[in-house]
Each structure stands twice: as structure tokens, then as C-alpha cells.
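Same order as they appear, the protein sequences are chains B and V. The first sequence lines up with residues 101 to 362 when you count with the numbering used here. The second sequence lines up with residues 101 to 362 when you count with the numbering used here. In this text, a Cβ means the ideal position worked out from N, Cα and C, and glycines have one as well. Written below as C-alpha cells is the structure these notes are about.
There are 2 protein chains.
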Amino acid sequence: MAFAGIVTYSFRMPASRPNDDERALRPQSDSPPALCTACEARHRGVCGALDGEQLAELARASHLQVIEEGAELIGDAERVESYSNVLSGVVKLTKTLPDGRQQIVGLQFAPDFLGRPFREESTIGASAATTVSLCSFPKSTVERMMREQPQLENRLLRQALDELDDAREWMVTLGRKTAAEKIASFLLMIARNIAPRAAGAGETASFDLPLTRSDIADFLGLTIETVSRQLTKLRIDGIIRIENNRRITIENVVRLAGRAGD
Amino acid sequence: MAFAGIVTYSFRMPASRPNDDERALRPQSDSPPALCTACEARHRGVCGALDGEQLAELARASHLQVIEEGAELIGDAERVESYSNVLSGVVKLTKTLPDGRQQIVGLQFAPDFLGRPFREESTIGASAATTVSLCSFPKSTVERMMREQPQLENRLLRQALDELDDAREWMVTLGRKTAAEKIASFLLMIARNIAPRAAGAGETASFDLPLTRSDIADFLGLTIETVSRQLTKLRIDGIIRIENNRRITIENVVRLAGRAGD
DNA sequence: AAACGCCATTGATTCAAGTCAACGCGGCGT
DNA sequence: ACGCCGCGTTGACTTGAATCAATGGCGTTT
């Protein structure tokens, strides 16, 4: 695996002095480790399926990683030895044709679970769209817990079904929407994931795009030129404001939704 | 639900005389019901997760349905009261935009499981691409068994992950392949599902397309004219033979694969 | 501060696939 | 036998997005 740009903090690593994190992960009776209590994955993610003792055990085997923008997490057709929870940032899942054409087939936000159970090597690549922090576990530990705790498998099933719904939603976008509709749909999807409050109710929403123009093109099956042109069109029509390349403000969520084709 | 064109054989239905099927489903000790023993779903499908007693119980609650080509199984945003195994035929999963544009987001072959656990109403439509036979169960029975038998949830997870892999594979096709590559990929996928032997090893493979030109277009994000033209091109190039509208012979599987873009 | 690289935008032109239209073929009802 | 209808094919033309090419910020290096 290309570990370029990946900083790893192992909680099992012998530290010069026991730091706060280290202590936070030690199991006390069967209450959850302090670090996990504050973790999104503990509540909305797969760790919610575990009891205090299991959580402590998993936490002991886990380590945090901070991955910088652009770094590859999993190569295509690579043997994968660990699973992770996304704690922050955005991970892009990609597929590449032999001649280099690329398609982003999914985006993962906190607290999504990253990994493909029941398959030795992955059929997709994963890389950090933004700086990403992960809580990673050895494959074997997670797989043993899946057998011991059916609730965990239930969570994974729920996430897999949600991802399947998402993937099928994007199949419609890829297959049947125009470039303009694709861009509108994309902005709405990002807004809903990054700034859910604003995107749901409010008229305006402001956020940083987690993807470059090139990534957006690879996600929507377009070229960067078309992405750029459609964004300027939305800007000229007063639907979005482009603060700078990355920062976008949706001036009118309802009008944007009207251009998404559904 | 639109039951037009759906013939239902209930195994709980009081028959004028106990027929073979009826007797086959009665539980004897804990050996599997005779009907299930011969069923593909018993071996490769989700029923493989159940023991003899559970299988007998599920079989008692099940009923067979034969659905004719074109009939709708599940409407979009419809409340779904049952799950099914596909025993034969092909089910198409569709999504439709408000203005009528349609995208087929998946195809299900025997012995796939049909249904979306953990969600009250479906977000996709399902209809019979060919004549389809289903083994259907009440939602509640399956959901209880999922709780009692984690193996069942494991099977569903595996199928969901496989479907997710398929969906992502098609996202690449929809987003990044040319019309010619889309058609080649489609023919290969169908061949692998319908005539796996021939498609894998042999040089030629022969099968009936389970979809109309219009369905193929909706699956690949193309128009029927483009589908027709690309098929003609493959025929002129001697890669396929079009026996009649439905029946296709792949003259050279390797050459076809060479045109699929991957 | 000049030079470079990277990312994004904008304009001019091309082309793959869509649209519109005509026609062919086979099954079905009258 | 006839006309009709649904499905598929083929041809002529149009168009939306890709391609090719030039230019503009902006941060980093020298």
C-alpha cells in the first residue's frame, strides 16, 4: 500500500509517556472508552452495535491515522488488511479503466465504515479527497466480532443497503441527466452531507467542496471544462456564489433543487 | 400493488385434494421441504442460511407467483409487504425521473433475493423483464427469522455487497464508456448470467436477451436507435449473430470482451 | 519579483450520440 | 387477407458535451 502522506498514531504504540488518548482507551469495567464516547461512529456508525467490553477490545486493537489530501488508501486489486471508520474528511472510491479513464463510484463521509468484508482483495481504489482521519482495525478482529455480535453485521448490512441506494441514485444521474442537472444534483448531495442543517431548511447553504473540478468531472462522467461551464452558468443565474475555487454558497437551495431534474 | 398479470399459487390455499406440492412442504422431522431441496435459492440463495425446521416454517408461509412479462412487481414509493426469491426469469429494477426519463439500476436473476429490508417503502420500481417466477414470503416472517438466525443476515449482507459491486461496475460503464463499449459490456454481462458456461470458456455463446431494445437503452443510458446501431455494427464486424430480435449468438467472446473497454 | 506548476476558466471547433422521420417485419384481431 | 400495432432498423440532420487551445489566478520555489 502507498503509505506516502499517511501519518499513523497507533494506540498500542509504546509511548514515551502514557498520554491522554492512551489512557482513554484502557477498558474500565465495561463502560465505553472515553475516546469512543465522543466518536460519531459510536453513535451513528458501526461501533454503535458493540457493548462496552467489545468496544474496549476493538479500541485496543485500533489506531488512528491522519491521511493527507490525495494520498491513496487502498489500491485497486490490492490485498486489504484492515477496516476503518471515517472520523473526518471525505474518502473517494474510484474505478479506473485500463486506458486511464476514471470514475468515482462513491464518497464516504464520517462516520462511514470503510472496507469490503468477504472479499480478499478490493475491486475499487480509495483515496483521500480531503485530509482524512480514520480509526482503523485489523481485518481479523472485526471479522471475529462480526461472528460474535450479530448486531455488528446488522449495522454493516444497513450501511451496505444505504450505499446501494446511493449508488443507484447516481446511476440515474449518470445515465439520464444532462450536465446541468448533474452539477445541480452534485452540489445538493454535497450540501446535504456537509451542511445538513442549511441544506434541509434554509434558503442558503455555504460549504467547501471536498473535490477538485477534476474529481467532480470523474464523479459525474463529465470533463473539467463542462463542470466549470455549468458552475459559471449557475453563478450567472444567481443560484450559487463561488467565493473561491473551493468555497461555494448556494444562494437558493430550492431553485438549485429545481435544476437537479427530480 | 399492481397484480395485473400475476398468477399466485399459495401453498397455504386449501386445495380440493392435497397435491404433491402441498405434501412436499409439510415439515417432516427437520429435513428440508422437498420443494426447497430442488430450489436454487436453497443452495446459492438466502435460504441456504436456514436449517430444516426454519426452512419448513418459511416454506409454509411462502407462496409461488408466476408473473408475466411487463408486469409491475413493486411500484416506486410503494409500501412493500413481502420479500421474494427469484426462481426464474429476470427482474428489472428501475428509477424514473418526474419527466419520464427512466434508468434501469439493476437486474435480478435466480436465485437473487428481492426486497429492501429496514425501509418501509421502496425507492425503486421492480418489474418483470421476462416471465418471472417468485417464491414470496411475508415481510414479518423474514424479519423475525433475520433476528433469530444471524446467518440469514449474513447472506443478505453478502448479496447486498455483491449488488453494490455490480452497481459500481455499472457506474463506470454509464459514466465513462462509449456507446459501443456499453453494448459490448452489456452483452457480456447477460451472457455471464444466462449462459455462464459458454461465456466463461467457450469461444461462442448463445442466449435470448431478457430485455427489449428499449430496456437495454434504459439500462445503458442510451436511445433505442443507438442500441440498434451498435448491435448492427457488432453484427457486421462478425462478433455477434442476431438470430432474431431476441436471440443473440456471440461468435467470439474474446473479441467482444476486447470491445468492452476493460 | 520573476519563473514555475497547478488548477480553473473561457473560447473555438469537432464529433458522438440524440432527435426526427421513414420504413420493414411479424403477430393478432377482425 | 387485410390493416393495425408494437418493435426494431436505417437514414438525414441537429445538438450537447468533448476536444483543442489560450489565458488567468495563486501559491511556491529560486
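- For a Cβ distance threshold of 7 Å, residue set 264, 267, 268, 271 of chain B lies close to residue 267 of chain V, ordered along the chain.
- Judged by DSSP secondary structure, residue 154 of chain V falls outside any beta strand (DSSP E) and instead within the alpha helix (DSSP H) spanning 152-161.
- Within the same chain, and ignoring the five residues on either side of residue 182 of chain V in sequence, the residues whose Cβ sits closer than 8 Å to its Cβ are 215, 236, 237, 238, 239.
- With a cutoff of 8 Å on beta-carbon distance, residue 361 of chain V and residue 351 of chain V are scored as not near each other.
- Within the region 242-255 of chain B, the residues whose Cβ lies closer than 7 Å to some Cβ of chain V are 250, 253, 254, listed in chain order.
- Contacts with chain B at 8 Å (Cβ-Cβ) do not include residue 309 of chain V.
- Assigned with DSSP and collapsed to three states, residue 308 of chain B falls in strand.
- For residue 333 of chain B, the uninterrupted alpha helix (DSSP H) run begins and ends at 324-336, by DSSP.
- In this structure, the alpha-carbon of residue 302 of chain V lies about 7 Å from that of residue 353 of chain V.
- Within chain B, the residues placing a beta-carbon under 7 Å from that of residue 195 of chain V are 268, 272, ordered along the chain.
- Excluding five sequence positions before and after residue 335 of chain B, the CB atoms of its chain that fall closer than 8 Å to its own CB belong to 341, 342, given in chain order.
- Residues of chain V whose Cβ lies closer than 8 Å to the Cβ of residue 258 of chain B are, in chain order, 218.
- Secondary structure at residue 250 of chain B: helix, using DSSP grouped into helix, strand and coil.
- Listed along the chain, the chain V residues whose CB falls inside 8 Å of the CB of residue 261 of chain B are 216, 217, 218, 219, 260.
- Closest in alpha carbon position to residue 330 of chain V, among V/310, V/225, V/278, V/298, is V/278.
- Leaving aside the five residues that flank residue 242 of chain B on each side, the residues in its chain whose CB is nearer than 7 Å to its CB run, in chain order, 183.
- Secondary structure of residue 235 of chain B (DSSP, three-state): strand.
- Against residue 203 of chain V, the close residues of chain B are 271, 272, 275, 276, in the order they occur along the chain (beta-carbon pairs closer than 8 Å).
- For the region 255-306 of chain V, the full-length alpha helix (DSSP H) segments reaching 4 residues or more read 279-294, 296-300 along the chain.
- Here residue 185 of chain V really is in contact with residue 145 of chain V; their C-beta atoms are around 6 Å apart, less than 8 Å.
- In the structure shown, residue 225 of chain B adopts extended strand secondary structure according to DSSP, grouped into three states.
- Listed along the chain, the chain B residues whose CB falls inside 7 Å of the CB of residue 198 of chain V are 362.
- Residue-level contact by beta carbon holds for residue 321 of chain V and chain B, with a gap shorter than 8 Å.
- Residue-level contact check: residue 326 of chain V does not touch chain B, since none of the beta carbons of chain B fall below 8 Å from its beta carbon.
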